[in-house]
Amino acid sequence: MTKRSFITALISCALLVAFTIPTTSAVVFLAQDELSSTEAILDDAYVAGGMVTMESDIEGDLYVVGGSLMINGDISGDLVVVGGQITVNGNVGDDLRATGGSIFINGNVGDDLILPGGQINIASESLIGGSLILGSGFANVLGTINEDVLGGGGKIVIGGTVYGDVQVEVQDTITLTEKAKINGNLIYTGLRKADLKEDQVEGFIEYNELIVEDTNLGENIKGFFSKLHIIFQVFQYLSMLVLAFVIVMLAPATLIGTAEIAKSHPWKSLGLGLVIALCSIASVIVLSITIIGLPLAGMLLAVLCITMCLAKIYAGVFIGKMLINPKKITKAKLFGIAALGIFIIEIVGLVPFVGWIVAFLTVVIGFGALWTHKKDLYNKLNLQKI
């Protein structure tokens, strides 16, 4: 897979989450470390957990974030999944978008199947009503695809029927099993030409050699760390989404209140955030000099890092509300606003030279606004005691 394809696949992980958040007000939120749901849900559902098993049938869309995820129920709408290991045994009425380390699709999908992941497996019993769009290290496509297969990977195996075209870029090669049948054209780019039977492809077969640029060791190392940085950014974004989900569930008023402070007093929030951040860093340095103060320095640094992570979420809501500001903010809409805002901060941070500065200052505004909100809340509680 070329660097461009690699980056596109990774960024699509963030895009599929950031821009598919619904604005329906009557939704279900579920969040636990180990979560098992069996009751039918008659609306859209948001689910987050370390280990998630969904036996529930969903009359709407389902959004799941976690580590090990198993979806056994049927979903009438879209399914959006982000996790480490993903298994989908149920049927999906509309689109299925999933990104993870290992993805197993054993059910049917009504429309498109979009899968950026490490290892992808589509069972022979699966029927995909639309197109398959993938980006993976290894893809084993044994099911039936009603439309096209598009994307790229390290190695791709097709063992079912594809009624449309197959257009892929592979770092190794593409393999057609004995049961494979392509009713359209096969256009593939790879390092070597595949050993294919022409009677398995009704259309034409076009092979394009993958040209590997002659780069020196320094450029290879630079390219590796560039990809590693993008992977880190994507997983950081997904982690922020999980944290934002928890805050939306537990303290939505704090999110909204902090965003309003940042909007009303951006310069004050920026100045206050910078002062507190610099003072905290100076305190960490001073405490680190002495043996007695070293544990305190570690604790203070940990608190500062956690607070800055929270500040990014509050800053995300501030940015998101500048673009989307509905009259009535429900938890679903608030999560969508946060996801969009955090995504914008992450993307701006990728801009060379000035991007990280703008992103940092935006987070500092959120930091200052959060501090102001907590201070105002503390003062109100003291007045009530008096």
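Quick note: the sequence shown uses the numbering used here, first residue 14, plus one each step.
For each residue, glycine too, the CB sits at the ideal point set by N, CA and C.
{"Item": "Three CB pairs or more closer than 8 Å across the region 381-391 and the region 292-305", "Value": "no"}
{"Item": "Start and end residues, alpha helix (DSSP H) containing Leu55", "Value": "That residue, Leu55, is in no alpha helix (DSSP H); it is neither H nor E in DSSP."}
{"Item": "Cβ distance (whole Å) where Val261 is taken to contact Lys340 below 8 Å", "Value": "Val261 to Lys340, Cβ: 18 Å. No contact."}
{"Item": "N-terminal and C-terminal residue of the beta strand (DSSP E) that Thr188 is part of", "Value": "Ile187 to Leu189"}
{"Item": "Buried versus exposed, by CB contacts within 10 Å (16 or more), Asp57", "Value": "buried"}
{"Item": "Cut-off 6 Å between Cβ atoms - residues of its own chain near Leu314, not counting five sequence neighbours on either side", "Value": "Val297"}
{"Item": "Beta-bridge pairing of Ala111 - partner residues as DSSP gives them", "Value": "Val94"}
{"Item": "CA nearest to the CA of Gly362, picked from Lys325, Leu336, Val175 and Phe117", "Value": "Lys325"}
{"Item": "For Ile135, three-class secondary structure by DSSP", "Value": "strand"}
{"Item": "Residues of its chain near Glu211, where Cβ-Cβ distance is below 8 Å and the 5 sequence neighbours each way are ignored", "Value": "Ile218"}
{"Item": "Rounded distance between the beta-carbons of Val330 and Ile360, thought under 8 Å", "Value": "Rounded, the Cβ-Cβ distance is 17 Å, inconsistent with contact."}
{"Item": "Among Val367, Met253, Gly172 and Arg205, the one whose alpha carbon lies nearest that of Val214", "Value": "Gly172"}
{"Item": "CB of Asn119 within 8 Å of CB of Glu138, strictly", "Value": "yes"}
{"Item": "Local conformation of Tyr176 per DSSP, three classes", "Value": "coil"}
{"Item": "N- and C-terminal bounds of the alpha helix (DSSP H) containing Thr271", "Value": "Pro265 to Ser277"}
{"Item": "Separation of Val154 from Tyr391, as counted between CA atoms", "Value": "58 Å"}
{"Item": "Under 8 Å between C-beta atoms of Asn134 and Ile116", "Value": "yes"}
{"Item": "Reduced DSSP category for Glu211 - H, G, I as helix; E, B as strand; rest coil", "Value": "helix"}
{"Item": "Residue from Gly177, Gly306, Val181 and Leu223 with nearest C-alpha to Lys194", "Value": "Gly177"}
{"Item": "Backbone secondary structure at Thr66 - three-state DSSP", "Value": "strand"}
{"Item": "Proximity below 8 Å, CB of Ser89 to CB of Ile71", "Value": "yes"}
{"Item": "Close Cβ partners of Thr21 (< 6 Å) along its chain, the five nearest in sequence each way excluded", "Value": "Note on Thr21: pLDDT 42, under 50, position unreliable in the model; the coordinate value appears next. Within the same chain, Thr21 has no close Cβ partners at all."}
{"Item": "Pairwise C-alpha distance: Ser282 and Ile84", "Value": "43 Å"}
{"Item": "Leu374 versus Ile127: straight-line alpha-carbon distance, rounded", "Value": "35 Å"}
{"Item": "Within 8 Å, strictly: CB atoms of Val179 and Leu204", "Value": "no"}
{"Item": "Unbroken beta strand (DSSP E) run spanning Lys168, endpoints", "Value": "Val162 to Ile171"}
{"Item": "DSSP-derived helix/strand/coil call for Thr100", "Value": "strand"}
{"Item": "Glu359 in three-state terms, based on DSSP", "Value": "helix"}
{"Item": "Classification of Asn104 by the beta-carbon crowding that lies within 10 angstroms, buried from 16 upward", "Value": "buried"}
{"Item": "Beta carbon of Ile370 nearer than 8 Å to that of Gly286", "Value": "no"}
{"Item": "Terminal residues of the alpha helix (DSSP H) in which Val320 lies", "Value": "Sequence check: residue 320 is Thr here, not Val. Note, Thr320: alpha helix (DSSP H), Leu307 to Leu336."}
{"Item": "Counted within 10 angstroms of its Cβ, other Cβ atoms place Leu109 as buried (16 or more) or exposed", "Value": "buried"}
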